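S.K.: I am attaching a structure below and will ask some questions about it afterwards.
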Amino acid sequence: MRSLDYTPNGHSSFTCRLESGIGFVLTVHAGLASEEPEVTGDQRLTDNPALVENVLAFGKHEAEHRRLRNEERRASHRKQAAVHRKTAIEIAGLLDGLTSDTTAGRWCSGCLGQTDHQRVRVRGRTVPTYICTGCGSPTSPCLVPRCPHFANRELRDIALPRYCAEHRQEIPSFAKLDARLADISEYAQWLTFDKHNAARTTRLATVAMTAAVVVAPMAFVAAPAIGGVVGSLTGLSGAAATSHGLALLGGGSLAAGGLGMAGGTTVVTAMGASLGGALGAAVTSAYTSTDKSFRIELLRPGTGTPVLVANGFLTETTDGWGGWRRIVDDRYPDAPVYRVHWGAKELGDITALLAVGATKQATTNAAKVVAKKASKSAKIPGLAPLLFAADIATNPWTVAKARAGMTGAALAGIIARTDTPQFVLIGHSLGARVMATAAQTLGTVHGAPRIESVHLLGAAISVSKDWRVLSDAVSGRVWNYHSSNDPVLAYLYRTAELGKTAVGLGGFHSSQPQLRDRDVSKSVTAHSAYLERISLAR
Ligand SMILES: [Zn+2]
Ligand SMILES: [Zn+2]
1011 MRSLDYTPNG HSSFTCRLES GIGFVLTVHA GLASEEPEVT GDQRLTDNPA LVENVLAFGK
1071 HEAEHRRLRN EERRASHRKQ AAVHRKTAIE IAGLLDGLTS DTTAGRWCSG CLGQTDHQRV
1131 RVRGRTVPTY ICTGCGSPTS PCLVPRCPHF ANRELRDIAL PRYCAEHRQE IPSFAKLDAR
1191 LADISEYAQW LTFDKHNAAR TTRLATVAMT AAVVVAPMAF VAAPAIGGVV GSLTGLSGAA
1251 ATSHGLALLG GGSLAAGGLG MAGGTTVVTA MGASLGGALG AAVTSAYTST DKSFRIELLR
1311 PGTGTPVLVA NGFLTETTDG WGGWRRIVDD RYPDAPVYRV HWGAKELGDI TALLAVGATK
1371 QATTNAAKVV AKKASKSAKI PGLAPLLFAA DIATNPWTVA KARAGMTGAA LAGIIARTDT
1431 PQFVLIGHSL GARVMATAAQ TLGTVHGAPR IESVHLLGAA ISVSKDWRVL SDAVSGRVWN
1491 YHSSNDPVLA YLYRTAELGK TAVGLGGFHS SQPQLRDRDV SKSVTAHSAY LERISLAR
C-alpha cells in the first residue's frame, strides 16, 4: 500500500519514508536548516528529482507545522504539506508503471530542457503519460497535432490534455531559450512568440485566465508565472506550482503579502547564472508580455558603450527623447542611446494621482495634501487615504513599484544575452528603480560587470543597509543625484512607503566603493526638474 510517513528526530531534523504501491522505498533525512538532505532507497525513486523535492518539501512543511505556535501559520504549513504529500504519492504511483519505452531528446515544459521522456503505463482513461528524465516531472505530448514537445501533465485531471510551454506562450519558443542577441535592438525579435497561443482558444483555459485577471491587476499576474515555472520543476502544476515556486524563491504567497517576488527583489537574489538561460527567458517573457507599453526605442545610433534611459512618473508620457537629450548629449555625445518604455498604465495611475492641478505648484500642493491627510487620518494613522483606499494588490503605488521591479529584471534578462560588453543605465524616479534593479540583477551573475555606470535621478528607492550587489554590479560608478527639496519624494514617497526615505531625497550614505552621492538640492526643487537642471557626473 502507498504511504508517506514523517518521523521527527529531536528538534532539528526529520526522516520521511515513502513506500510505493508495489513496494519501492524512498527515505529522505533532512535538517530544518538548508543543508543537503540524505536520500536513500530504490534507484527508481531516488533518481526522480521531482519526487525527492516533494517529499523533502512535505517534511519541511510538516516540521514547521509542528514547531510553530501561530495558528494561521501552522494551518498554512499543514495545507502545503498536504499538497506535497499528495503530489509525491501520485508521482510514486506513476513510477510503479515506468516502462523502458523512451522518447529521446524532446523539450520539456517543466524544466525547459531537451530531455528523454520515459513512458508510464497508467490504468484508466488518461492522456499518454511520461516521466521527464531531467526533472522527474510527469509529462504528456503537446495537444497540438505534430508538435514534438512535451507538456506538463495534469496530476489532478489526468484525462485533460495539455499544451507545451511554447503553445501556451509561456516562452517565446524552446529554440530561443539559449539564443544570443548581437545587440540590444534584436530584443523584440527574440521576445516574439513563434507559435500561436493554442491554450487561449480552449474554453477551460479562457475561464482560468479571466479569473486570474479579475483577482489581480496585470502586474501581479506575472509573478505567479515565475513561481509556476520554478514550481513546475518539482512536478507540481497550477496554484500548487505557483506557491511552491514562490516559496523556493523566498517570495512567499501573494495572498500573505509576499510581494518580494513581484517587486523584483527576489528575482535579484534567485536568478544568478540562469539569467541568460532558460529560466531568464521565461522570466523576461512573462514580465514583458504583461506590459503592452514595453519597448526599447533607438533614439540615436552611435559608437561606444550604449546608453539606456528610463523615465518615471510625471515625465513618462512624451515619446522620443522625452527630456533626456541635453544631459545625455553633454555626457555621452557619441554613444548609441536607447529609451526603455515601460509601465504606461501603472505610471499613468500615479501621475493621475498627483495631477490635481495643471501647474507644478499644484502638484506640490497635492502631494502635501496627501501627506497631511495621512497624518490626520484617525483610523489608520500615517496612511494616505488616496494610496491606501485599495488593498495592497490594487494600490497604485505598490503596483507601479512592482512593475518597475519586473521591468528591471526583464531588462537584465535582455542585457544578459547580448554580446555587447557593457551598458550605461540612466533612470529618473521609478525609472531609476528600474535601472537599479536591472543592475542588481546583473550583479548576481558571475564574471566581469556588464554595467559601466548607473545614473539615478530622484530615485524612488528606499534607503537600504546593503548596497553591495549594486556596487559590485558596475565597473565605474553608481551616481545618485538627490534633492532634499523634491516635494514628491519628501511627501508622496514617505507616505506611500510608511515613512521610509528615498535615496533620491537623502542620498545613499554608503561606504560601498562604487557609490557616489551628488546633492542637487539647490538646483532641483521639483520632481520633474532633474532632467532640465543637472549635468551627469564623470
Ligand atoms: Zn523536465
Ligand atoms: Zn506544442
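Numbering of the sequence shown is given in this note's numbering, commencing with residue 1011 and proceeding in unit increments. Quick reminder that beta carbons are idealized off the backbone N, C-alpha and C, glycines included. Since the model is a prediction, treat every value here as computed from it, not as a measurement.
For F1304, collect the residues of the same chain with a Cβ closer than 6 Å to its Cβ; drop the 5 residues on either side in sequence, then sort them by chain order.
M.R.: Contacts found: T1298, W1352.
S.K.: Would you kindly check if the distance between the Cβ of S1520 and the Cβ of W1477 is under 9 Å?
M.R.: Yes, the pair counts as a contact, with Cβ atoms nearer than the cut-off.
S.K.: Closer than 8 Å: is that where the CB of C1174 sits relative to any heavy atom of ligand 3?
M.R.: This structure does not include ligand 3; its bound ligands are ligand 1 and ligand 2.
S.K.: What number of angstroms, rounded off, separates the C-alpha of E1542 from the C-alpha of T1149?
M.R.: Roughly 56 Å between the two C-alpha positions.
S.K.: Determine the contact status of Q1432 and S1481, defining contact as a CB-CB distance below 9 Å.
M.R.: Going by C-beta atoms, Q1432 is not nearer than 9 Å to S1481.
S.K.: Which residues end up in the neighbourhood of ligand 1 when you take C-beta atoms closer than 6 Å to any of its heavy atoms?
M.R.: So the residues near ligand 1 by this Cβ test are C1118, G1120, C1121, G1123, T1125, C1142, G1144, C1145, S1147.
S.K.: Which same chain residues, not among the five before or five after A1288, have their C-beta less than 6 Å away from its C-beta?
M.R.: Once the five neighbours on either side are set aside, the close Cβ partners of A1288 are L1122, L1187.
S.K.: Taking R1077 as part of the alpha helix (DSSP H), name the residues at either end of that continuous run.
M.R.: First-last of the alpha helix (DSSP H) with R1077: 1059 to 1077.
S.K.: What's the gap between the Cα of Q1128 and the Cα of P1151?
M.R.: Going by the C-alpha atoms only, they are around 12 Å apart.
S.K.: Taking Y1197 as part of the alpha helix (DSSP H), name the residues at either end of that continuous run.
M.R.: First-last of the alpha helix (DSSP H) with Y1197: 1197 to 1201.
S.K.: Would you mind working out which of D1126, Y1197, G1120, A1192 sits nearest R1178, comparing C-alpha positions?
M.R.: Residue G1120 is the option with its Cα nearest to R1178.
S.K.: Could you say which of R1084, E1063, V1062, N1080 lies nearest to E1072 if we only look at CA atoms?
M.R.: For E1072, the nearest C-alpha among the options comes from R1084.
S.K.: Round the Cβ separation of K1411 and L1440 to the nearest angstrom and send it over; I've been treating them as touching at under 8 Å.
M.R.: That pair is a contact at about 7 Å.
S.K.: Measuring CB to CB, does A1469 end up less than 9 Å from A1500?
M.R.: No, these two residues do not count as a Cβ contact at 9 Å.
S.K.: Do S1531 and I1337 have their C-beta atoms within less than 9 Å of each other?
M.R.: No, they are not a contact pair.
S.K.: According to DSSP, simplified to helix, strand and coil, what is F1034?
M.R.: Coil.
S.K.: Which of the three DSSP states is assigned to V1277 in this structure?
M.R.: Low local confidence applies: a pLDDT of 39 at V1277 is under 50, so the model's placement there is unreliable, and no value is given.
S.K.: Inspect the beta-carbon positions of Y1348 and T1315 and report whether they are closer than 9 Å.
M.R.: No; because the gap between Cβ atoms is not below 9 Å, this pair is not in contact.
S.K.: Quick check: what's the CA-CA separation for G1273 versus G1415?
M.R.: With a pLDDT of 36 at G1273, under the threshold of 50, the modelled position of this residue cannot be trusted, and the question is left open.
S.K.: Among the residues of its own chain, which have a CB less than 8 Å from the CB of L1556, if the five just before and after it don't count?
M.R.: Outside the shown range of the chain (1011 to 1548) lies residue 1556, about which nothing can therefore be said.
S.K.: Between the C-alpha atoms of T1143 and L1066, what's the straight-line distance to the nearest angstrom?
M.R.: Taking the straight line from one Cα to the other gives about 19 Å.
S.K.: Just to confirm the assignment, what range does the beta strand (DSSP E) spanning Q1124 have?
M.R.: Q1124 -> beta strand (DSSP E) spans 1124 to 1130.
S.K.: For R1116, which residues does DSSP report across the bridge?
M.R.: DSSP output for R1116 lists T1125 as bridge partner(s).
S.K.: Taking G1051 as part of the beta strand (DSSP E), name the residues at either end of that continuous run.
M.R.: Residues 1048 to 1051.
S.K.: One question on the structure: do Y1491 and V1464 come within less than 9 Å of each other, judged by their Cβ atoms?
M.R.: For Y1491 and V1464, no; Cβs fall outside 9 Å.
S.K.: Is it the case that the region 1132 to 1143 contacts the region 1201 to 1208, given that we only count it when at least three CB pairs across the two stretches are under 8 Å?
M.R.: The answer is no - the region 1132 to 1143 does not touch the region 1201 to 1208, with fewer than three Cβ pairs under 8 Å.
S.K.: Assign A1185 to one of three DSSP states: helix, strand, or coil.
M.R.: Here A1185 sits in coil by DSSP.
S.K.: Is D1529 helix, strand or coil by DSSP?
M.R.: In the structure shown, D1529 sits in a strand (DSSP, three-state: E or B).
S.K.: Residues in its own chain within less than 7 Å of E1074 by CB, not counting five upstream and five downstream?
M.R.: Within the same chain, E1074 has close Cβ partners H1087.
S.K.: Taking the alpha-carbon of I1461 as reference, which of V1484, S1472, E1307, L1467 has the nearest alpha-carbon?
M.R.: Considering only alpha carbons, the answer is V1484.
S.K.: Taking C-beta to C-beta, are D1344 and T1313 nearer than 9 Å?
M.R.: Yes. Within cutoff.
S.K.: Could you tell me which residues DSSP pairs with C1026 in its beta bridges?
M.R.: Paired residue(s): Y1016, V1038.
S.K.: What do you reckon, are the CB atoms on A1040 and E1048 nearer than 9 Å?
M.R.: The answer is yes: Cβ separation under 9 Å.
S.K.: Does W1331 come out as helix, strand or coil in the three-state DSSP assignment?
M.R.: Residue state, collapsed to three classes: coil.
S.K.: Does the distance from the CB of D1106 to the CB of F1034 come in under 9 Å?
M.R.: Contact: yes.
S.K.: Residues in the same chain with beta-carbon distance under 8 Å from G1130, minus the five sequence neighbours each way, listed in chain order, please.
M.R.: One point to set straight first is that residue 1130 is Val, not Gly, in the sequence displayed. Contacts found: L1104, L1105, G1107, L1108, T1109, T1139, Y1140, I1141, P1148.
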